[in-house]
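>
Protein chains: 2
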Amino acid sequence: MEITVLSQAELKQVLEPDRVIETVESVYTQKASGRTAVWPSVEYHFEEKNAVMDIRSGYLAGDKLHGAKMLNNFPLNVGAGLPAFTGMLLIFDSENGMPLALMDASYITSLRTGAAAALGVRTLARKTSKNLLIVGAGRQAFFMVAATLLAMPQIENVRVHDPINSANADEFVSQIRMRLKSELNLDLPDKVNFTARPDLQAVLQDSDAVITVTRATYPIIKKEWVKPGTHFSCIGADMLGKEELDPELFRTARAFADDRKQCLSFGEMEIPFKSGIISEQSIQGELGEVLAGTATGRISEEDITIFDATGLALLDIATGKLALDLAREKGLGQKVFI
Amino acid sequence: MEITVLSQAELKQVLEPDRVIETVESVYTQKASGRTAVWPSVEYHFEEKNAVMDIRSGYLAGDKLHGAKMLNNFPLNVGAGLPAFTGMLLIFDSENGMPLALMDASYITSLRTGAAAALGVRTLARKTSKNLLIVGAGRQAFFMVAATLLAMPQIENVRVHDPINSANADEFVSQIRMRLKSELNLDLPDKVNFTARPDLQAVLQDSDAVITVTRATYPIIKKEWVKPGTHFSCIGADMLGKEELDPELFRTARAFADDRKQCLSFGEMEIPFKSGIISEQSIQGELGEVLAGTATGRISEEDITIFDATGLALLDIATGKLALDLAREKGLGQKVFI
Chain B
1 MEITVLSQAE LKQVLEPDRV IETVESVYTQ KASGRTAVWP SVEYHFEEKN
51 AVMDIRSGYL AGDKLHGAKM LNNFPLNVGA GLPAFTGMLL IFDSENGMPL
101 ALMDASYITS LRTGAAAALG VRTLARKTSK NLLIVGAGRQ AFFMVAATLL
151 AMPQIENVRV HDPINSANAD EFVSQIRMRL KSELNLDLPD KVNFTARPDL
201 QAVLQDSDAV ITVTRATYPI IKKEWVKPGT HFSCIGADML GKEELDPELF
251 RTARAFADDR KQCLSFGEME IPFKSGIISE QSIQGELGEV LAGTATGRIS
301 EEDITIFDAT GLALLDIATG KLALDLAREK GLGQKVFI
Chain H
1001 MEITVLSQAE LKQVLEPDRV IETVESVYTQ KASGRTAVWP SVEYHFEEKN
1051 AVMDIRSGYL AGDKLHGAKM LNNFPLNVGA GLPAFTGMLL IFDSENGMPL
1101 ALMDASYITS LRTGAAAALG VRTLARKTSK NLLIVGAGRQ AFFMVAATLL
1151 AMPQIENVRV HDPINSANAD EFVSQIRMRL KSELNLDLPD KVNFTARPDL
1201 QAVLQDSDAV ITVTRATYPI IKKEWVKPGT HFSCIGADML GKEELDPELF
1251 RTARAFADDR KQCLSFGEME IPFKSGIISE QSIQGELGEV LAGTATGRIS
1301 EEDITIFDAT GLALLDIATG KLALDLAREK GLGQKVFI
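Chain order of the listed sequences is B and H.
Last residue of the first sequence: number 338 in our numbering, and the count goes up by one each step with no gaps.
Last residue of the second sequence: number 1338 in our numbering, and the count goes up by one each step with no gaps.
1. Taking Cβ positions only, does B/Leu111 come closer than 8 Å to chain C?
2. Who are the neighbours of H/Tyr1059 on chain B, taking C-beta pairs under 9 Å?
3. Nearest chain H C-beta to B/Gln8 closer than 8 Å, yes or no?
4. Name, please, each residue of chain H whose Cβ falls closer than 7 Å to the Cβ of B/Ala68.
5. How would you call H/Tyr1107, buried or exposed, if buried means at least 16 neighbouring beta carbons within 10 angstroms?
6. Could you list which residues in chain H have their beta carbon closer than 7 Å to that of B/Leu314, in chain order?
7. Using the Cβ count rule (16 or more neighbours within 10 Å means buried), how would you classify B/His66?
8. Below 8 Å, how does it come out for the segment 1093–1106 of chain H and the segment 1262–1273 of chain H: are there three or more Cβ pairs, yes or no?
9. With burial defined as no fewer than 16 other Cβ atoms inside 10 Å of the residue's Cβ, what is the status of H/Arg1328: buried or exposed?
10. Would you call the segment 1300–1310 of chain H and the segment 1213–1233 of chain H touching, i.e. three or more CB-CB distances under 8 Å?
11. Considering H/Gln1030, what are the terminal residues of the alpha helix (DSSP H) in which it resides?
12. For H/Gly1087, report the span of its beta strand (DSSP E) as first-last.
13. Looking only at C-alpha atoms, which of B/Ser7, B/Leu11, B/Glu2 and B/Ile3 sits nearest to B/Leu326?
14. Nearest chain B C-beta to H/Ile1235 closer than 8 Å, yes or no?
15. For the beta strand (DSSP E) holding B/Leu65, just list the boundary residues, first then last.
16. Since B/Ile3 is in the beta strand (DSSP E), which residue starts that stretch and which ends it?
17. Please compile the residues from chain B whose C-beta is within a distance smaller than 8 Å of the C-beta of H/Ser1094.
18. Report all residues from its chain with a CB closer than 7 Å to the CB of H/Lys1223; omit the five preceding and five following residues, and keep chain order.
19. If you run the structure through DSSP and keep just helix, strand and coil, what is H/Ile1055?
20. From B/Ser110 to B/Gln140, what does the alpha carbon distance come to, in whole angstroms?
21. Would H/Asp1412 pass as an interface residue toward chain B - the criterion being a Cβ-Cβ separation below 8 Å?
22. Expressed to the nearest angstrom, what Euclidean distance is found between the alpha-carbon atoms of H/Arg1254 and B/Glu48?
23. With respect to the beta strand (DSSP E) encompassing H/Ala1255, which residues constitute its N-terminal and C-terminal limits?
24. Name the two residues that bound the continuous alpha helix (DSSP H) containing B/Lys274.
25. Hey, which unbroken runs of the beta strand (DSSP E) at 3 residues or more fall wholly within the segment 94–156 of chain B?
26. Would you check if the distance between the CB atom of H/Val1226 and the CB atom of H/Met1144 is smaller than 8 Å?
27. Do H/Val1027 and B/Val5 have their C-beta atoms closer together than 8 Å?
28. Does the structure place the segment 126–142 of chain B close enough to the segment 151–162 of chain B that three or more beta carbon pairs sit under 8 Å?
29. Taking the C-alpha atoms as reference points, what is the distance between B/Ala115 and H/His1045?
30. Along the chain, where does the beta strand (DSSP E) that runs through H/Phe1337 open and close?
31. From H/Ile1277 to B/Gly87, what distance separates their C-alpha atoms?
32. Buried or exposed: where does B/Gln281 fall if 16 or more other Cβ atoms within 10 Å of its Cβ makes it buried?
33. Apart from the five residues on each side of it in sequence, which residues of its chain come closer than 7 Å, Cβ to Cβ, to H/Ala1147?
34. Check for me: the alpha helix (DSSP H) holding H/Val1042 runs from which residue to which?
35. Given a threshold of 16 other Cβ atoms within 10 Å of its Cβ, counted over all protein chains shown, does H/Val1078 qualify as buried or as exposed?
36. Return the CA-CA distance between B/Tyr218 and B/Thr252, expressed in angstroms with no decimal places.
So, in structure tokens, the structure goes:
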């Protein structure tokens, strides 16, 4: 039988962030209706290399697709001229188990994670939000900014803080307009300003929405620095032991999960849950339930809202299928026999 | 970057059962020295289709390879002219996380499972064994016979019993010599006889080694039918709830695992373990430990020995890497950009 292989270069030709946002929203909504299955994740640390691999998999019953994504994060690769972050996504037809496609997973992961963060902001931040703060100026931050500016055209100020090295934030800010144009063909309105901000506590005082996207395993953001009404989309904590927010924030915040079980097991909610600050009942809902209208998101302008995005293979599978359909339309993709 | 894709047709051109037996033996031995990791398996039942998918994955530290295999078993496909059993194997370089290859997983699974069963027989059956019984005349039985005849040239009589439909065993026996020659290029000595046997209880009375390879979820073989000295390589039970042997057999048998944890969780040992007939300490060792000389296999000619093979992705990864190396030598394999 024949399957299609899509390279990262081909994915970049066919995938646009706005279509990915629509796709991710549709998956979250399907999940809320119970027509999806998130299968247990598998992870492993290669200790001598400070490297991590993880396997995420799942089933989209509505789309009749299932699949698995295997990601590798080998940070020492950077010194050897290799990408640190590589992975493969396999998609199968759930009608008959036949393989449909193999593709690079790292670019899809970046796009769909940006879309998830942006949907968290659009759904749970105050509608009047103008000031966005990105905590973490690493490789993923670019995709967070791109998707959030698309989903939230009212944003005027994007502030970038890097907790490890403030020069990263300076460099990020100096290149962002050019990169959004050259890498994603996005033209930003002139009103959007980008600033690097080393002063995290100060910048939190007028941040409406915050996206945390670091590899931290300790709270970067203290509860007392956070003003009422702030929204957090927490992206970094996607494995055991990672955390970015002060667990105390969860005592009063309205907290939402991408997947309840994953968030309590290894997401931003892991530490608050294990330390008894929250219980499973403290979760107000999954983001998809808010999108579907079966859970209530923000109630007042004073609420602190938190969206914990641990990452679902469902998003990769649906985005990968979108890429496959678009590639077919354009005559792209490599055919192989299997 | 470039990866190699191997189709089932290409795998059939390069993989020979004797090399696969060597490879599987080497993996079991590596596992006994602690230089491997078996990652948790993931499985899912598509109930409306009576279909199953599972994901197995792991790490061969010595070979610096890791990978994952995703298998689909959709029995209703047969009516639609599609293969029931499909799957993909992904192999990565554990030095840097780079993907190396994608290949069909179903043929590799069949070959390496045959090799596992054969190594169980060679390691744990009496050296004078002449009579082999195969219980289950389905698709996998062919590979069990091929590998066991290669590993145990002293076998003279191969009996085949099918617990569901005795006509399956008749058909299997009538074609086996021709298939061994045409599919695997194996010439058998004239002394080897094949017989279909509907009378399971009777044939057990002079069976030296038994390979069970059915989809059963109940004990097919009763304890009182088994004579002292018999060896069992149990292949069928590789998921929750499957079993082929009377749990009571485990009270006195010397039992060996391919992987202790998997065997107790979802292998042939699952039911005896959950019903309290055996404990983890009842396992005499893993097959690799016997091969490595750190566990004792059969002690007396009277021992009943059991090898529970639940299946390890490690075997697929090592066999896949063998295929990749042989394909390169022969200029086979499809190159794709990823």
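In this text, a Cβ means the ideal position worked out from N, Cα and C, and glycines have one as well.
Note that the structure is a prediction, hence the values are computed from the model and not measured.
Reading from the atomic positions:
1. No chain C appears in the structure shown, which is made up of the protein chains B and H.
2. Tyr44, Phe46 and Met53
3. yes
4. Ile1055, Ala1068 and Met1070
5. buried
6. Under the 7 Å cutoff, chain H gives no residues; its nearest Cβ is about 13 Å from B/Leu314.
7. buried
8. no
9. exposed
10. yes
11. Pro1017 to Ala1032
12. Phe1085 to Asp1093
13. B/Leu11
14. no
15. Leu65 to Asn73
16. Glu2 to Leu6
17. Phe46
18. Asp1246, Glu1248 and Leu1249
19. strand
20. 6 Å
21. Given a span of 1001 to 1338 for chain H in the structure shown, any question on residue 1412 of chain H remains unanswerable.
22. 38 Å
23. Arg1254 to Ala1257
24. Glu270 to Lys274
25. 99–104 and 131–135
26. no
27. no
28. yes
29. 30 Å
30. Gln1334 to Phe1337
31. 43 Å
32. exposed
33. Pro1017, Ile1021, Gly1114, Ala1115, Ala1117 and Ala1118
34. Careful: H/Val1042 lies outside any alpha helix (DSSP H), inside the beta strand (DSSP E) at Thr1036 to Phe1046.
35. exposed
36. 20 Å
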